[in-house]
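J.:
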Amino acid sequence: MATACSLLVVAAAFLILPLLGSCAVSTHRLSRHAPVMLLGGDAGASAWDHGGRSTVREGREDSSPAAAAAAPTAASAPPLDDCLRLLRGERDEQKLAGLLIAANVCRAGDAAAVAEVYRAVGPRFLRRLLNTGLGKVEGRKEEEREAYLRLAVTVLAGLARVPEVAADEGVVSTVPLVAEVVSKSPDLTITEECFELLSLVAIASDDGAHKFCEPGIIDMLFGQISSFPDGSRCLELATHLMQLLVHKLRADNMSVERLQGMASMVASLAVPFNVLHTAVKFESLHMLTTLLSQKESPLHGALRSMPSTIWESHIRGGIIDVLQNRVVSSEKLQALLLAECMMSILGESWLSEDHKILDNKNVMSVDKFVLLVLESARVEVAVLLNELAFSKYESSESSQIDGAISQKQRNLAILFSLIERIIKMISDASGGEGEPSQTIHERTIIQAIKGLNETISLVLDFLQDAKDHGQRKGDDLLAAVRIVGSYLAETPYACQEKTGRLLEFIFSIEGQDESRPFYSVRFMLPMLSQITTTADGCRTLVSFGGHKAVIDCLIKMTEQNGMMVDNGSIFLACDTIINIMSNRKSSHIQMEPCFICLLQALITWAGTTDASSVIMTASSLCTIVMELTSEEFLLSCSDFDPKTLGSLSDLIVRSLHEDIPDGDMEQLNQKQIIVSGYKRWADRFPRVRNVVHQHVSV
Numbered sequence: 001m002a003t004a005c006s007l008l009v010v011a012a013a014f015l016i017l018p019l020l021g022s023c024a025v026s027t028h029r030l031s032r033h034a035p036v037m038l039l040g041g042d043a044g045a046s047a048w049d050h051g052g053r054s055t056v057r058e059g060r061e062d063s064s065p066a067a068a069a070a071a072p073t074a075a076s077a078p079p080l081d082d083c084l085r086l087l088r089g090e091r092d093e094q095k096l097a098g099l100l101i102a103a104n105v106c107r108a109g110d111a112a113a114v115a116e117v118y119r120a121v122g123p124r125f126l127r128r129l130l131n132t133g134l135g136k137v138e139g140r141k142e143e144e145r146e147a148y149l150r151l152a153v154t155v156l157a158g159l160a161r162v163p164e165v166a167a168d169e170g171v172v173s174t175v176p177l178v179a180e181v182v183s184k185s186p187d188l189t190i191t192e193e194c195f196e197l198l199s200l201v202a203i204a205s206d207d208g209a210h211k212f213c214e215p216g217i218i219d220m221l222f223g224q225i226s227s228f229p230d231g232s233r234c235l236e237l238a239t240h241l242m243q244l245l246v247h248k249l250r251a252d253n254m255s256v257e258r259l260q261g262m263a264s265m266v267a268s269l270a271v272p273f274n275v276l277h278t279a280v281k282f283e284s285l286h287m288l289t290t291l292l293s294q295k296e297s298p299l300h301g302a303l304r305s306m307p308s309t310i311w312e313s314h315i316r317g318g319i320i321d322v323l324q325n326r327v328v329s330s331e332k333l334q335a336l337l338l339a340e341c342m343m344s345i346l347g348e349s350w351l352s353e354d355h356k357i358l359d360n361k362n363v364m365s366v367d368k369f370v371l372l373v374l375e376s377a378r379v380e381v382a383v384l385l386n387e388l389a390f391s392k393y394e395s396s397e398s399s400q401i402d403g404a405i406s407q408k409q410r411n412l413a414i415l416f417s418l419i420e421r422i423i424k425m426i427s428d429a430s431g432g433e434g435e436p437s438q439t440i441h442e443r444t445i446i447q448a449i450k451g452l453n454e455t456i457s458l459v460l461d462f463l464q465d466a467k468d469h470g471q472r473k474g475d476d477l478l479a480a481v482r483i484v485g486s487y488l489a490e491t492p493y494a495c496q497e498k499t500g501r502l503l504e505f506i507f508s509i510e511g512q513d514e515s516r517p518f519y520s521v522r523f524m525l526p527m528l529s530q531i532t533t534t535a536d537g538c539r540t541l542v543s544f545g546g547h548k549a550v551i552d553c554l555i556k557m558t559e560q561n562g563m564m565v566d567n568g569s570i571f572l573a574c575d576t577i578i579n580i581m582s583n584r585k586s587s588h589i590q591m592e593p594c595f596i597c598l599l600q601a602l603i604t605w606a607g608t609t610d611a612s613s614v615i616m617t618a619s620s621l622c623t624i625v626m627e628l629t630s631e632e633f634l635l636s637c638s639d640f641d642p643k644t645l646g647s648l649s650d651l652i653v654r655s656l657h658e659d660i661p662d663g664d665m666e667q668l669n670q671k672q673i674i675v676s677g678y679k680r681w682a683d684r685f686p687r688v689r690n691v692v693h694q695h696v697s698v
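Numbering (UniProt numbering), first residue to last: 1 to 698.
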């Protein structure tokens, strides 16, 4: 019985191949490479008569329409019912014989017949075939196991060409076994067929695609991808399968277990991106950027928790290869985007970490890598700024302007984000905040700062060009303001002359979806809070009414209830206004309607929290503003709510009751501002004075 079964397996392994061609689906690349049929088309269909006797003729069969019409009906395929009866049999010999006949029963495009064949044979039997082929069933010789394996994969691949079958839970459940075949089989033809089968499963359903994220499957499938022969069908199919998964899978709402599978996908892609020097390198690059550029993805957490960091080193090596060699600009942009993604996920220090791959002797030093990424980004920024300015202000081909500008703006945003992260990394390194493994040499920092100065100067020229052409609205302009603000936050007096000339224009810039300037002012707050510590800085800002723009920005931030703006930006705005008000005599600041709105905004902000830092900052700024006016004047203003006086009283009382932590000099100074300011204007605010005196002894 075993011998008969083995003979049937061998026969089926050869004769079942027509099934693959009989129900092929046009899944773009897959359909062009369907396995060669040993018995093709009509030849396979007429290979058996009703008695099961072979009727294959020597030589080439006439497949013309006339010959087909003249063919006797006795030579037609056996009925489907006979085939299904065998497939439902209890003995393996019956099922194998049924599979032999199925090749002849299933006509081209007869998806319904293939689905019936699948339901008859059942996924349990197909899994048993795979397990036998993998040697998990004892008592089989090596050649028998190979025949079982080939048969199992061939049958599954043929059946899965019908999407309904490929999406069935039974076929999906074979994915781990097929992945094991890929990892163990030395036969590339079997491996090719496995990848075709798996691609069909991935296409057919979301459950099928998610099955690949189960533990170990990705590692088995793609662990050896870089060892496949260059240009081989296996490498092509493996890459195609990975592309399917990358574009179909989304990390949102995935279990922790499946997120680890997606993290393994990233690690697997990092290897060919680093070690290969073919088109697959760039396909891997594109897949990596697709996976990693998803903002706030749960995948990021899974990557951060991976025990091994070798994948990070592989990505670094791939980025070096792309940036160092003659590669088209679009691919360099992809590599720079990948670097930005890595810094976004793992922190800015990733760029300066010294990870080495053991078998890679030509490792680039941290300092050279930092400068390579920065200089590559600077070159691309210079080119894009020039092209954008030309497209917007000088090009006469208006039909292609919108599309060209939109793409350039997206690319520029990527580069600006990367440079911002490099600025943060250099700031941390120069301030000694990095770990020992993240330290870069001082000469590298100096060289990087010099390059950044040049780039920021170019960005300011870009803004000057926009000003000259009367353009103040656009996301590219807003992105330019953001990177200028990020750099000047670290070096507030860099490019001082250009910045001073453009500051008023910068405050007028709006994003594409903004109805009035907001973010342009907010991005400059870190710099403003520093330059206003001097009288010259205050005069520069007040000279064009910039302090009013800062007040408007602060009011808008408090109105958003912290949903979009963190308290850090509000504190910076408060510091800037406090600095200006402290120099109000030299800046000639007078009471204006915006200050009334500011008082109400500060009360609202302080009323949302018990944090002492918020209470003290809001109270100290209110105290300074109240020195400009009186209770009588405020009550005479139509837009002033009298209840605000009660809220101001409560805020001052809260601040005077605050226990200041030892050593917190900032809050001690704020309390001194509140006490001294209150004493100066208390007589002009009798209602406030009465409330304060009831609760506090000043």
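Don't be surprised by glycine CBs; every beta carbon is placed ideally from N, CA and C. The model shown is predicted, which means the values in this text are computed figures rather than measured ones.
1) How is E394 classed by DSSP in three states: helix, strand or coil?
2) What's the C-alpha gap between V370 and R316?
3) Mind checking who K473 pairs with in its DSSP beta bridge?
4) For a quick check, are the C-beta atoms of I624 and S655 less than 8 Å apart?
5) Counting C-beta neighbours from all protein chains within 10 Å, is the total for V256 16 or more, i.e. buried, or is it exposed?
6) Three-state secondary structure (DSSP) at V698?
7) If you drop the 5 nearest sequence neighbours on each side, which residues of the same chain put their C-beta closer than 8 Å to that of V542?
8) Quick check on the burial criterion: 16 or more other C-beta atoms within 10 angstroms. Buried or exposed for F633?
9) With a threshold of 16 other CB atoms inside 10 Å of the CB of L269, please say whether the residue is buried or exposed.
10) What residue from V481, Y487, Q512 and L285 has the CA that sits closest to V521's CA?
11) Helix, strand or coil for Y678? Go by DSSP, reduced to three states.
12) Going straight from the alpha carbon of H693 to that of R684, what length do you get?
13) Apply the 10 Å Cβ neighbour rule to E283 and answer buried if 16 or more other Cβ atoms are within range, or exposed otherwise.
14) Nearest by alpha-carbon distance to Q294: which of T278, V162 and M262 is it?
15) State the DSSP-derived secondary structure class of R421, mapped to helix, strand or coil.
16) For E296, which three-state DSSP category applies?
17) Taking all protein chains shown into account, decide if A67 is buried (16 or more other Cβ within 10 angstroms of its Cβ) or exposed.
18) Closer than 8 Å by C-beta to V181: which residues in its own chain qualify, once you throw out the five before and the five after it? Chain order, please.
19) Grouping DSSP H, G and I as helix and E and B as strand, with all else coil, what is D207?
20) Measure the alpha-carbon distance for L616 versus W350 and round it to whole angstroms.
21) Under a three-way DSSP split, which group does L249 fall into?
22) Starting from the Cα of L235, find the closest Cα among T629, P661, A279 and S352 and give me that residue.
23) With H657 as the anchor, note down where its alpha helix (DSSP H) starts and where it stops.
24) Compare the Cα-Cα distances from R689 to each of F544, S649, S676 and Q334 and report the closest residue.
25) By Cβ distance, which residues of its chain are closer than 8 Å to T644, with the 5 residues on each side in sequence left out?
26) Check whether the segment 504-513 touches the segment 471-488, taking contact to mean three or more Cβ pairs, one atom from each stretch, closer than 8 Å.
27) Taking the alpha carbon of G451 as the point to measure from, which residue in S406, V381 and L100 has its own alpha carbon closest?
28) Relative to the C-alpha of V171, which candidate in A204, A147, S486 and E142 has its C-alpha closest?
29) Report the rounded CA-to-CA distance for Q447 versus L374, giving the unit in angstroms.
30) Tell me where the alpha helix (DSSP H) around L635 begins and ends.
31) What number of angstroms, rounded off, separates the C-alpha of V114 from the C-alpha of K248?
T.: Taking the definition as stated:
1) coil
2) 11 Å
3) E510
4) no
5) exposed
6) coil
7) I580, S587, H588 and I589
8) exposed
9) buried
10) V481
11) helix
12) 14 Å
13) buried
14) M262
15) helix
16) coil
17) Because A67 sits at a pLDDT of 38, beneath the cut-off of 50, its placement in the model cannot be relied upon, and the point is left open.
18) L130, G133, L134, L149, V153, I190, T191 and C194
19) helix
20) According to the sequence provided, residue 616 is Met. The question's Leu does not apply to it. If I take the Cα positions, the gap works out to 38 Å.
21) coil
22) A279
23) K643 to H657
24) S649
25) L599, Q600, I603 and L634
26) yes
27) V381
28) A204
29) 10 Å
30) E631 to S636
31) 26 Å
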